[in-house]
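Here is the structure we will look at, set down as structure tokens.
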Amino acid sequence: MAPQDTAGRIPKKSFISTSVLLGLTLVGVLVRFLIRFRIQRQRPNVDDGLLAMALALLLISIGFMHEEVIDRMYFIVALQRKVEGVIPSPDWMQVSFQFHKWVTICLMMSWSAIMAVKFSFLFFFKRLIDRIRPWWIFDLSHKTISASIDYHTFFDPPRCAVMTFLAPRREFKTQPDTVFVSLVARYY
Numbered sequence: 028m029a030p031q032d033t034a035g036r037i038p039k040k041s042f043i044s045t046s047v048l049l050g051l052t053l054v055g056v057l058v059r060f061l062i063r064f065r066i067q068r069q070r071p072n073v074d075d076g077l078l079a080m081a082l083a084l085l086l087i088s089i090g091f092m093h094e095e096v097i098d099r100m101y102f103i104v105a106l107q108r109k110v111e112g113v114i115p116s117p118d119w120m121q122v123s124f125q126f127h128k129w130v131t132i133c134l135m136m137s138w139s140a141i142m143a144v145k146f147s148f149l150f151f152f153k154r155l156i157d158r159i160r161p162w163w164i165f166d167l168s169h170k171t172i173s174a175s176i177d178y179h180t181f182f183d184p185p186r187c188a189v190m191t192f193l194a195p196r197r198e199f200k201t202q203p204d205t206v207f208v209s210l211v212a213r214y215y
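Residue numbers (the working numbering): 28 to 215.
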């Protein structure tokens, strides 16, 4: 074990739990597809496609996390905490830039997977509420607007388009979580 493997609050070995949970997810999705296509003999629907896309995005995200993010993350944390035995390499700044790039990619993939599962549920239950078309339009538009707000506040909290629309000519000098809370309070 390298000295930086225990630099964070969570030891590096504990990331094996993400692989275990990924295995449970794979089993759950495969059982769902098996029941749906083999036992019930249904044809694939939009919700199945969205769930397959979510599974693919999750696999990509976990793969990138284990290959690109974890080692760099523990190295950067070890440098910040000045752990003994960790020698900064000459390109430590480039390692930091690469870490931030890959962690952003992982988060975007994970977030997209979560949204795909949410839309999969919407299309799965759409058949139950197919006579309530206005509610379906409202719900879909509300989820789209909420996803847009989440996206903007995550990547550019002080200058997101929604906050600029709600409060022009105002500087935001608060933390992103309080900005999001105030935005939600105004929205609702």
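Yeah, the Cβ is synthetic: ideal placement off N, Cα and C, and Gly gets one too.
Could you round the C-beta distance between residue i and residue j to whole angstroms and report it? I think they count as a contact, below 8 Å.
{"i": "valine 96", "j": "leucine 106", "result": "With a Cβ gap of about 16 Å, valine 96 and leucine 106 do not count as contacting."}
{"i": "threonine 131", "j": "leucine 85", "result": "Contact flag wrong, Cβ pair sits at about 17 Å."}
{"i": "serine 116", "j": "valine 122", "result": "7 Å"}
{"i": "lysine 153", "j": "tryptophan 162", "result": "Not really, about 11 Å apart at Cβ, beyond 8 Å."}
{"i": "aspartate 74", "j": "phenylalanine 165", "result": "Rounded, the Cβ-Cβ distance is 20 Å, inconsistent with contact."}
{"i": "leucine 49", "j": "isoleucine 89", "result": "5 Å"}
Start and end of the alpha helix (DSSP H) containing residue i?
{"i": "leucine 53", "result": "43-61"}
{"i": "phenylalanine 64", "result": "Here phenylalanine 64 belongs to no alpha helix (DSSP H), and DSSP marks it neither H nor E."}
{"i": "lysine 153", "result": "119-153"}
{"i": "valine 97", "result": "Just to set this straight, residue 97 is isoleucine in the shown sequence, not valine. Its alpha helix (DSSP H) spans residues 97-108."}
{"i": "isoleucine 87", "result": "73-91"}
Quick one: residues in its chain with C-beta nearer than 6 Å to the C-beta of residue i, no 5 flanking neighbours on either side, listed in chain order?
{"i": "isoleucine 66", "result": "none"}
{"i": "alanine 143", "result": "Leu77, Met80 and Ala81"}
{"i": "phenylalanine 146", "result": "Leu77"}
Can you list, in chain order, the residues of its chain with a C-beta nearer than 8 Å to that of residue i? Leave out the 5 residues immediately preceding and following it.
{"i": "phenylalanine 192", "result": "A caution first: phenylalanine 192 carries a pLDDT of 49, below 50, which makes its placement in the model unreliable, though a value can still be read off. Result list for phenylalanine 192: empty, nothing under 8 Å."}
{"i": "tyrosine 215", "result": "Because the pLDDT of tyrosine 215 is 48, which lies under 50, any placement of that residue in the model is unreliable, and the question is left without a value."}
{"i": "glutamine 125", "result": "Glu95 and Arg99"}
{"i": "histidine 127", "result": "none"}
{"i": "serine 137", "result": "Leu84, Leu85 and Ser88"}
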